[in-house]
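S.K.: Have a look at the structure that comes next, please.
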Amino acid sequence: MLRHTAMTGEAPELAQAARHDRAAGATLGPGAVAVLALGVTLINPKNLPLPLSGRATIGSTDAPWLTGVAFIVVGTLPYTGAMLYSLLGGDRSTATLERLRDWLVAHNRLIMAVLCALLGVLLLVKGLTALA
């Protein structure tokens, strides 16, 4: 408990609530997960810049349908890969995915900071090249 709190900076009560939320999420069916994912994506404004930028880029290509399908496939690859690994990997995959989830939760702030910085640099370069 103390190690988790030290790594994430969360209070012990918040860490316990996060574990409870993850456990509750594990019991949801596919339809409920789809609705929850859509709701989180639409409600959280920090999720909007990437799809909007992707939409603008896809719309400006010669084959927008093909590019759009590629965008969706690449965007969903981590989720479909984890799902297939879970379905085909048995008990060993469950332990591996749980360790990976714990690592991602522990390093969430760093991961988000790096992703936001990379997206910012990409959007800045794209904007500057459009001006030149």
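Using our numbering, the first residue of the sequence shown is number 1359, and each one after it goes up by one.
Cβ coordinates follow ideal geometry from the N, Cα and C atoms, glycine included.
Measuring only the C-alpha atoms, how far is PRO1422 from LEU1394?
M.R.: Looking at the two C-alpha atoms, the distance is approximately 28 Å.
S.K.: May I ask whether a heavy atom of the ligand SAM can be found less than 7 Å away from the beta carbon of ALA1428?
M.R.: No copy of the ligand SAM occurs in the structure displayed, which carries no ligand at all.
S.K.: Just to confirm the assignment, what range does the alpha helix (DSSP H) spanning LYS1484 have?
M.R.: 1466 to 1489 is the extent of the alpha helix (DSSP H) around LYS1484.
S.K.: Work out the CA separation of ALA1453 and LEU1476 for me, nearest whole Å.
M.R.: Spanning the two alpha carbons is a distance of roughly 31 Å.
S.K.: Let me confirm a value: ILE1469 is counted as buried when at least 16 other C-beta atoms fall within 10 Å, else exposed. Which label applies?
M.R.: Burial call: exposed.
S.K.: Does DSSP classify LEU1451 as helix, strand or coil?
M.R.: Residue identity check: residue 1451 is Ser in the sequence provided, not Leu. Here SER1451 sits in helix by DSSP.
S.K.: Check whether the Cβ atoms of GLY1417 and PHE1429 sit closer than 8 Å, and answer yes or no.
M.R.: Taking 8 Å as the Cβ cut-off, GLY1417 and PHE1429 do not qualify as a contacting pair.
S.K.: Is there a Cβ from chain C that is less than 8 Å from the Cβ of GLY1397?
M.R.: Looking for chain C here will not work: only one protein chain is present.
S.K.: Only counting the same chain, and skipping five residues up and downstream in sequence, which positions put a Cβ closer than 7 Å to that of THR1399?
M.R.: Taken in chain order, the residues that qualify are ASN1405.
S.K.: Where does ASP1460 sit, in a helix, a strand or coil, going by DSSP?
M.R.: ASP1460: helix per DSSP, three-state reduction.
S.K.: According to DSSP, simplified to helix, strand and coil, what is SER1418?
M.R.: DSSP places SER1418 in coil when its eight states are reduced to three.
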